[in-house]
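At position 71 of the sequence shown (counting the first as 1) the number is 1198 in the working numbering, and the numbers step up by one without a gap.
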Amino acid sequence: ARFARVAAQGVAQRRERLAGLERLRQTLGYTETLKRGYAVVRAGPGVVTTRAEAAGHARLEVEFSDGKLGVLAEGGPARVKRGGGKDEPGQGSLF
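(1) Which class does Gly1147 belong to by DSSP, given the choice of helix, strand or coil?
(2) According to DSSP, is Gly1194 helix, strand or coil?
(3) Suppose you measure from the CA of Val1133 to the CA of Ser1192; what does that come to, to the nearest Å?
(4) Taking a contact to mean a Cβ-Cβ separation below 9 Å, would you say Arg1169 touches Leu1155 in this structure?
(5) Bridge partners of Leu1199, per DSSP?
(6) For Lys1195, which residues from the same chain have a beta carbon less than 8 Å from its beta carbon, with the 5 sequence-adjacent residues on both sides left out?
(7) Would Gly1171 pass as a contact of His1184 if the rule is Cβ separation under 9 Å?
(8) Ordered along the chain, which non-local residues of its own chain (more than five positions away) have a Cβ less than 8 Å from that of Val1174?
What follows is the structure in structure tokens.
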């Protein structure tokens, strides 16, 4: 009787530990990351992690939490908007 009780407790502890490890595995998986608003970019079978890698491919696939989307890569760096001739008011003289 004592052995059966100790064995049952051991099995219960191992099940709890295994359930905890499964929860941890799920939070570390990339699908949970997608649910937090991130996306995975792929080119062919590989994951794209830099802009330079993406620029080397015409077609990319972006995976979101609710599905995948095919996109076309456009080259060139993002353009910086510059002020168009308007003088912005400064602080002026304090004296």
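Idealized CB from N, CA, C, for every residue including glycine.
Concretely, from the data shown:
(1) Along the sequence shown, read from residue 1 onward, the residue named residue 1147 stands at position 20. The answer is helix: DSSP assigns Gly1147 an H, G or I state.
(2) Position 67 of the sequence shown, counted from the first residue, corresponds to residue 1194. Looking at Gly1194 - three-state DSSP - the assignment turns out to be strand.
(3) Residue mapping note: residue 1133 aligns to position 6 of the sequence shown, counting from 1. Residue mapping note: residue 1192 aligns to position 65 of the sequence shown, counting from 1. In a straight line, the C-alpha of Val1133 is about 44 Å away from that of Ser1192.
(4) For this step, residue 1169 is matched to residue 42 along the sequence shown. For this step, residue 1155 is matched to residue 28 along the sequence shown. No, the pair does not count as a contact, with Cβ atoms beyond the cut-off.
(5) On the sequence shown, position 72 is the one that residue 1199 refers to. In DSSP, Leu1199 forms a bridge with Arg1186.
(6) Numbered from 1 along the sequence shown, position 68 holds the residue referred to as residue 1195. Within the same chain, Lys1195 has close Cβ partners Glu1188 and Val1189.
(7) Locating residue 1171 in the sequence shown gives position 44, where the first residue counts as 1. Locating residue 1184 in the sequence shown gives position 57, where the first residue counts as 1. In this structure, His1184 lies closer than 9 Å to Gly1171 by Cβ.
(8) Residue numbering aside, residue 1174 sits at position 47 when the sequence shown is read from its first letter. Val1167 and Val1168, listed in sequence order.
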